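Structure record follows, encoded as structure tokens.
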Ligand code: SAH
């Protein structure tokens with residue numbers, strides 16, 4: 007956390023949310039090391055530094071309607087739920103979503119709506135609930151999916167890893183009041199693939 011996370015609200019949320027309940031029991035002892043860990047189904051809980059950085063890039067003030075793609079363990083979801091008004095989070099692997107729901111409920115984070123997108127070819131995102139003030143994608147995409155920038159409100163922010171299936175660059179895309187998009191490149195990173203028509207093939 008000494009690596010340049012300066013948003014006090016983000017740091018406080020990370021101190022408040024216990025990470026060990028989101029990891030499998032076998033990895034509980036490593037829950038507070040700064041590394042990704044397996045969560046089953048060939049997926050990983052993101053490294054805490056990456057969670058902090060991505061959250062900081064969303065510039066949340068507590069009023070936002072946020073979309074998350076890739077609930078996974080639900081840990082990032084819990085941080086977002088602490089810092090925004092409400093969180094809509096989509097996951098394509100049912101057992102992960104069900105486990106995340108239990109963890110979020112145990113922390114009484116009732117401002118989280120989860121959706122399971124496990125149909126072959128189901129579009130990325132949550133079009134019925136758009137637009138969103140902030141969108142975070144915790145899986146790597148080959149390019150910025152237009153289906154997601156379309157779900158961004160004017161003034162909205164999208165944070166997404168973009169690159170190859172083995173390494174990506176974290177991008178922040180902002181949409182101004184005229185609907186124009188601007189791109190800002192942050193650090194290099196490594197995420198599991200975003201699956202879907204505007205992502206990678208399963
Ligand atoms: N933020 C999570 C990261 C989990 S890994 C955590 O820290 O625990 C990324 C997740 O994205 C995986 O669980 C994977 O199943 C999910 N995913 C990949 N493509 C998706 C899509 N199109 N829609 C929803 N979830 C997706």
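Numbering (this note's numbering), first residue to last: 7 to 208.
Idealized CB from N, CA, C, for every residue including glycine.
On a predicted model such as this, the values are computed, not experimentally measured, just so you know.
What are the start and end residues of the beta strand (DSSP E) that includes residue i?
i: residue 163; result: 158-169
i: residue 94; result: 92-97
i: residue 122; result: 118-122
i: residue 189; result: 187-195
What span of residues does the alpha helix (DSSP H) with residue i cover, start to end?
i: residue 112; result: 100-112
i: residue 54; result: 54-63
i: residue 16; result: 14-22
i: residue 66; result: Note, residue 66: premise wrong, no alpha helix (DSSP H); not H, not E.
i: residue 152; result: 152-155
Going by the C-beta, is residue i closer than 7 angstroms to any heavy atom of the ligand SAH?
i: residue 198; result: yes
i: residue 38; result: no
i: residue 153; result: no
i: residue 120; result: no
i: residue 105; result: no
i: residue 133; result: no
i: residue 169; result: no
i: residue 50; result: yes
Does DSSP classify residue i as helix, strand or coil?
i: residue 74; result: strand
i: residue 181; result: strand
i: residue 83; result: helix
i: residue 31; result: helix
i: residue 7; result: Below a pLDDT of 50, predicted positions are generally treated as unreliable, and residue 7, at 42, falls in that range; no measurement from the model is reported.
i: residue 143; result: strand
i: residue 49; result: strand
i: residue 207; result: coil
i: residue 4; result: Because the chain in this structure spans residues 7 to 208, residue 4 falls outside the shown range and cannot be described.
i: residue 200; result: coil
Note down, in chain order, each residue of its chain lying with its Cβ closer than 6 angstroms to the Cβ of residue i, except the 5 sequence neighbours on either side.
i: residue 54; result: 40
i: residue 49; result: 78 and 198
i: residue 208; result: 201
i: residue 156; result: none
i: residue 140; result: 64, 70, 72 and 163
i: residue 103; result: 77, 97, 120 and 122
In chain order, what residues of the same chain lie with their CB nearer than 7 angstroms to the CB of residue i, ignoring the 5 residues before and after it?
i: residue 191; result: 175 and 177
i: residue 173; result: 194 and 196
i: residue 28; result: 51, 79, 80, 81 and 109
Using a Cβ-Cβ distance cut-off of 8 angstroms, determine whether residue i contacts chain B.
i: residue 156; result: Although the question refers to chain B, the structure presented lacks it and comprises just one protein chain.
By Cβ distance, which residues of its chain are closer than 8 angstroms to residue i, with the 5 residues on each side in sequence left out?
i: residue 57; result: 20, 81, 82 and 85
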